[in-house]
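Asker: As given, the protein sequences belong to chains A and B, one line each in that order.
The numbering of the first sequence is numbering that gives the first Met the number 0, which starts it at 0 and goes up by one.
The numbering of the second sequence is numbering that gives the first Met the number 0, which starts it at 0 and goes up by one.
Positions of the beta carbon are idealized from the N, C-alpha and C atoms, including for glycine.
Nothing here was measured: the structure is a model prediction, and the numbers come from that model.
I have a structure here, written as structure tokens, and I will follow up with some questions on it.
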Amino acid sequence: MQGTLTIMDDPDLKDERLAAQVQGGDSEAFGTLMARYQPKLARYGSRFLARSDDVEDIVQDIFVNVYRNIKGFDSSQRFSPWIYRIAHNAFVNELRRKSRTPIRIPDFDLLALHTPSGERADDLSEHESLARLVESGLAGIDPKYREVLILYFMEELSYREIADVLRIPVATVGVRLLRAKNALKKEYANRNISL
Amino acid sequence: MNDQTKQSATEETVLERIRSGEITMRPGSFFIAKVLFTLVVSLLVLLLSIWLASFISFDLRITGHESLLGFGSRGLALFFSIFPWGLATLDLILIALLVWMLQHFRFVYRTPLLFIIAILIVFGTASGLLFDRETGFHDDRFEEAEAGELPIPIQELYENVLPTAPEDQGIYRGYVTGIVSGAFLMTYDDNDHDEDDGTWIVMGPSGFDTSALRIGDKVYVAGDRDGKTIEAYGVRTLAR
């Protein structure tokens with residue numbers, strides 16, 4: 000048991016391998032996956048929902064859903080976009096449940112053809128400073144833009160992974176990120192914070 | 000409760016529910032069946048959309064309305080005003096449904112929506128046109144409908160294809176009964192037994208060659224009627 004725990008706690012053991020073990024019926028491997036993703040999903044949820052009161056309960060539901068559907072995960076693909084997709088659905092449902100206007104507004108960004116932008120819309124130093132700035136201004140912007148900022152700057156997902164989480168074209172991730180940054184700048188301007 | 004304790008509590012609760020058998024994994028076959036179901040329903044919707052496009056093509060062909068496309072700007076405007084927009088809208092709804100069902104697949108959601116919709120419209124329209132022009136499927140059903148051999152809803156669908164020509168919009172269908180230079184005689188029978196049934200003189204558009212016409216040809220005429228004369232801006236013979 001001790002030996003098993005050491006293997007499970009090995010940070011080099013890939014999520015995908017752990018997921019494959021869970022698919023084979025190893026529930027302890029699922030414990031390791033939860034330990035890895037619980038803080039990430041709680042952080043993602045509290046920032047996306049702009050509150051933290053019931054995030055723990057939602058995260059618990061997410062893990063229940065992950066376990067129920069784990070056999071639908073293709074272990075040749077990356078695990079993080081898959082689990083973030085389930086979390087995204089749960090948080091979006093929660094936002095809709097609490098929203099006064101639960102009707103979905105069509106996203107016209109998805110219609111257009113966008114020129115694929117480079118993986119990074121900013122250099123690394125800008126990325127780090129923006130990540131710090133993003134944190135304080137998140138609550139004031141549209142959830143659609145808030146989420147892409149969280150996934151990119153805080154969860155450090157790639158454009159491709161964000162595209163898989165949100166199920167949108169990769170080029171649209173770049174466009175949405177650019178608009179999110181502009182929305183954030185406007186938010187700072189409204190609060191008289193200079194960048 | 001601090002974050003670490005909360006984390007452990009969440010993990011423990013979920014693991015406990017797994018161990019007790021309260022939470023179980025869905026079998027792999029469930030996901031395979033789900034994908035197969037989505038693909039089969041998507042295929043059926045695609046086929047229905049192609050069939051609808053082919054029916055629109057048949058409608059325009061059998062009524063002769065597609066001839067309007069060759070009758071200049073006036074014909075083009077009339078074509079769009081009598082186009083079966085209801086069926087076309089239904090086809091677009093089917094395409095939207097198809098896109099929505101296929102959104103779960105990476106190759107679809109990674110492609111811009113407009114591009115996917117455009118591909119489906121072009122593919123559906125081309126396949127529908129090809130199906131109508133190459134198979135004769137709708138012509139056979141049309142004949143069966145005329146003989147009253149089809150189930151009621153399909154029977155009605157085909158029977159409604161060839162209603163009276165929209166004479167109020169200057170469109171007439173009939174048979175050639177006599178030919179003179181630059182003009183011909185046409186029986187106009189729209190089956191409504193009103194005063195406009197009878198024989199008309201059709202003055203062809205400038206440069207109209209009557210040598211291509213034969214007595215008994217079914218013709219589609221677009222023009223302005225004045226008494227017993229139709230001043231046509233477009234004439235085309237129909238296959239049936």
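1. I'd like the list of long-range same chain contacts for Gly-2 of chain A, defined as Cβ closer than 7 angstroms, with 5 residues on each side in sequence excluded.
2. With 8 angstroms as the limit, tell me which residues of the segment 47-76 of chain A have their beta carbon closer than that to any beta carbon of chain B; keep them in chain order.
3. Under 8 angstroms between the Cβ atoms of Val-220 of chain B and Thr-236 of chain B?
4. Just to check my reading of the structure: Trp-199 of chain B and Ile-170 of chain B have Cβ atoms closer than 8 angstroms, yes? What is that Cβ distance to the nearest angstrom?
5. Residues of chain B with a CB under 8 angstroms from the CB of Met-33 of chain A: which are they?
6. So what does DSSP say about Glu-230 of chain B, is it helix, strand or coil?
7. For Ser-126 of chain B, I'd like the list of residues in its chain whose CB is within less than 8 angstroms of its CB, leaving aside the five on either flank, ordered along the chain.
8. Pull up the distance between the alpha-carbon of Glu-10 of chain B and that of Asp-52 of chain A, whole angstroms please.
9. Counting only the same chain and skipping the five closest in sequence on each side, list residues whose C-beta sits under 6 angstroms from that of Glu-146 of chain A.
10. Just to confirm my understanding: we take Val-54 of chain A, look at its own chain, exclude 5 residues before and 5 after, and list those with CB closer than 7 angstroms. What are they?
11. Counting only the same chain and skipping the five closest in sequence on each side, list residues whose C-beta sits under 7 angstroms from that of Leu-94 of chain A.
12. Specify the secondary structure class of Ala-125 of chain B as computed by DSSP and reduced to three states.
13. Can you find a C-beta in chain B that's less than 8 angstroms from the C-beta of Pro-80 of chain A?
14. Could you check whether the Cβ of Ala-179 of chain A sits closer than 8 angstroms to any Cβ belonging to chain B?
15. Within the same chain, show all residues whose beta-carbon is closer than 7 angstroms to that of Gly-63 of chain B, passing over the 5 residues directly before and after it, in chain order.
16. Grab me the residues of Thr-5 of chain A's own chain with a C-beta within less than 7 angstroms of its C-beta, minus the 5 sequence neighbours each way, in chain order.
17. How is Val-242 of chain B classed by DSSP in three states: helix, strand or coil?
18. Report all residues from its chain with a CB closer than 7 angstroms to the CB of Tyr-36 of chain A; omit the five preceding and five following residues, and keep chain order.
19. Are the beta-carbon atoms of Ala-144 of chain B and Glu-158 of chain B separated by less than 8 angstroms?
20. Consult DSSP for Ala-146 of chain B and reduce its assignment to one of helix, strand or coil.
21. Could you check whether the segment 146-158 of chain A touches the segment 169-178 of chain A, counting it as contact only if at least three pairs of C-beta atoms, one from each stretch, sit closer than 8 angstroms?
22. Starting from Arg-175 of chain A, find everything on chain B with Cβ-Cβ shorter than 7 angstroms and list it in chain order.
23. Which whole-angstrom value describes the C-beta separation of Gly-215 of chain B and Tyr-174 of chain B, a residue pair presumed to lie in contact below a C-beta threshold of 8 angstroms?
24. Is Phe-207 of chain B close to chain A, meaning its C-beta is less than 8 angstroms from at least one C-beta of that chain?
25. Along chain B, in chain order, which residues have C-beta atoms closer than 7 angstroms to that of Ile-167 of chain A?
26. Return the CA-CA distance between Met-0 of chain A and Glu-27 of chain A, expressed in angstroms with no decimal places.
27. Excluding the 5 residues preceding and the 5 following Glu-160 of chain A in the sequence, name in chain order all residues of the same chain whose CB lies nearer than 6 angstroms to its CB.
28. Where does the unbroken beta strand (DSSP E) through Tyr-219 of chain B begin, and where does it stop?
29. Report the residue ranges of all alpha helix (DSSP H) runs contained in full by the segment 18-102 of chain B; include only those spanning at least 4 residues, in chain order.
30. Below 8 angstroms on the Cβ atoms is my contact criterion, and I expect Phe-57 of chain B with His-137 of chain B to pass it. Report the Cβ-Cβ distance as a whole number of Å.
31. Assuming contact is defined by CB atoms lying nearer than 8 angstroms, are Gly-123 of chain B and Ile-81 of chain B in contact in what I supplied?
32. Please decide whether Gly-30 of chain A counts as near chain B, where near means a Cβ-Cβ distance under 8 angstroms.
33. Establish whether the CB of Ile-229 of chain B and some CB of chain A are separated by less than 8 angstroms.
34. Under three-state DSSP, which class holds Pro-173 of chain B?
Answerer: Once the coordinates are examined:
1. Reliability fails at Gly-2 of chain A, whose pLDDT of 43 lies under 50, so the model's placement of it is uncertain and the value that follows must be treated cautiously. In its own chain, leaving out the 5 sequence neighbours on each side, no residue places its CB closer than 7 angstroms to the CB of Gly-2 of chain A.
2. Listed by position, the residues of the segment 47-76 of chain A near chain B (Cβ gap below 8 angstroms) are Glu-55, Val-58, Gln-59, Phe-62, Val-63, Tyr-66, Arg-67, Asn-68, Ile-69, Lys-70 and Gly-71.
3. no
4. That belief does not hold up - the Cβ atoms of Trp-199 of chain B and Ile-170 of chain B are roughly 13 angstroms apart, past 8 angstroms.
5. Thr-9, Glu-10, Val-13 and Leu-14
6. strand
7. Ile-49, Ala-52 and Ser-53
8. Using only the alpha carbons, I get a separation of about 18 angstroms.
9. Phe-47
10. Ala-41, Gly-44, Ser-45 and Leu-48
11. So the qualifying residues of the chain are Leu-48 and Pro-142.
12. helix
13. no
14. no
15. Arg-172, Tyr-219, Arg-235 and Leu-237
16. Because the pLDDT of Thr-5 of chain A is 49, which lies under 50, any placement of that residue in the model is unreliable, and the number read from its coordinates should be weighed accordingly. There are no such residues.
17. Nothing can be reported for residue 242 of chain B, as the shown portion of chain B is limited to 0 through 239.
18. Ile-82
19. Result yes, Cβ atoms of Ala-144 of chain B and Glu-158 of chain B sit closer than 8 angstroms.
20. In this structure, Ala-146 of chain B counts as coil in the three-state DSSP scheme.
21. yes
22. Those within 7 angstroms of Arg-175 of chain A in chain B number zero; the least Cβ separation is about 13 angstroms.
23. About 6 angstroms separates the two Cβ atoms, so the contact holds.
24. no
25. Correct list: Tyr-108.
26. Note that Met-0 of chain A has pLDDT 42, beneath the 50 cutoff, so the model's placement of it is unreliable and the number below is only indicative. Each residue's Cα considered, the two are about 10 angstroms apart.
27. Pro-80
28. For Tyr-219 of chain B, the uninterrupted beta strand (DSSP E) run begins and ends at 217-225, by DSSP.
29. 27-62, 71-81 and 84-101
30. 4 angstroms
31. no
32. yes
33. The Cβ of Ile-229 of chain B sits no closer than 8 angstroms to any Cβ of chain A.
34. Here residue 173 of chain B turns out to be Gly, not Pro, going by the sequence shown. In this structure, Gly-173 of chain B counts as strand in the three-state DSSP scheme.
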